[in-house]
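What follows is a single structure, written as structure tokens, with notes after it.
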Amino acid sequence: MTGIDAPGGPDVPGQSGGTRDSDPEPYAFPPRPPAPPAPADVPTEAAPHADPPHGESAHNDPADPAKQVCGALRLDLGAYVLGTLDETETQWIRSHVAICPECRAEYDELAVLPSFLARLTPAEAEASGAASEVSADRLLATATERLHRARRTRL
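Here it is as structure tokens:
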């Protein structure tokens, strides 16, 4: 990492040294996905006529189902690191991130956000600017479309 404490380090809310004494502890980290197998555990030769390993050419073809799974998963990674997904979605993301280096890299980038958000005061949040106003109907329609798109790609 680049000088930023990783999840589980001293900046995790609820652990010593992580938050100011007066700050609430609104975020709890979801468990970190299990580490991918060690290189010695991974076969070095592919079977003849086998599909390419996930993460290689699978990410170069937009029509490839593996690429579509990764795209759907990445839409949910933010919700995953904030711990807002149900157990089924959490397990799906956890198992995929354990085998996909590209999605794991994106998870690693997002995993530090809850500790930063936990330290953000209301005054700091207001000073950062207001979000654009979007009608509730438009916001609901966008969220519904994303949910349907993600569910279609999982099937």
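Under my numbering, residues 104 to 258 are what the sequence shown spells out, in order. Note that the Cβ used here is the ideal one computed from N, Cα and C, for glycine as well.
- Output yes or no for whether 8 Å exceeds the beta carbon distance between Arg177 and Glu212. As a working note, residue 177 is residue 74 in the sequence shown. As a working note, residue 212 is residue 109 in the sequence shown. Result no, Cβ atoms of Arg177 and Glu212 do not sit closer than 8 Å.
Please report the straight-line C-alpha distance between Leu216 and Glu190, rounded to a whole angstrom. Taking the first residue of the sequence shown as position 1, residue 216 is located at position 113. Taking the first residue of the sequence shown as position 1, residue 190 is located at position 87. So the alpha carbons of these two residues sit roughly 21 Å apart.
- Message: Tell me which residue opens and which closes the alpha helix (DSSP H) that Ile181 is part of.
- Response: For this step, residue 181 is matched to residue 78 along the sequence shown. Checking the sequence shown, residue 181 turns out to be Gly, not Ile. It spans Pro168 to Val184 - the alpha helix (DSSP H) in which Gly181 sits, taken as one unbroken run.
Q) If we ignore side chains and look at the alpha-carbon of each, how far apart do Asp240 and Ala214 end up? A) If you number the sequence shown from 1, residue 240 lands on position 137. If you number the sequence shown from 1, residue 214 lands on position 111. Those two C-alpha atoms are separated by around 30 Å.
**Asked** Do you know how far the Cα of Val200 is from the Cα of Glu148?
**Response** Taking the sequence shown and counting its residues from 1, one reaches residue 148 at position 45. Taking the sequence shown and counting its residues from 1, one reaches residue 200 at position 97. Residue placement at Glu148 is poorly supported in this model, since its pLDDT is 39, which falls under 50; the coordinates still yield a value, given next. Glu148 and Val200: Cα-Cα distance of roughly 22 Å.
(Q) Considering Cα atoms alone, identify which of Val184, Ala253, Cys173 and Cys203 is closest to Ser218. (A) Counting from 1 along the sequence shown, the entry for residue 218 is found at position 115. The candidate whose alpha carbon is nearest that of Ser218 is Val184.
- Task: Round the Cβ separation of Ile202 and Leu180 to the nearest angstrom and send it over; I've been treating them as touching at under 8 Å.
- Result: The residue you call residue 202 lines up with position 99 of the sequence shown. The residue you call residue 180 lines up with position 77 of the sequence shown. Between Leu180 and Ile202 the Cβ distance is about 15 Å, and since that is not below 8 Å, they are no contact.
Exercise. Would you report the Cα separation of Ala230 and Glu248, rounded to the nearest angstrom?
Worked result: Start at 1 with the first residue of the sequence shown, and residue 230 comes out as number 127. Start at 1 with the first residue of the sequence shown, and residue 248 comes out as number 145. Their backbone Cα atoms lie some 32 Å apart in a straight line.
| task | Count the other C-beta atoms from every protein chain shown that fall within 10 angstroms of the C-beta of Leu188, then say buried if there are 16 or more, exposed otherwise. | result | For the purposes of this step, residue 188 is identified with residue 85 of the sequence shown, where counting begins at 1. Counting the other CB atoms within 10 Å of its CB gives Leu188 a total of 16 or more, which places it among the buried residues.
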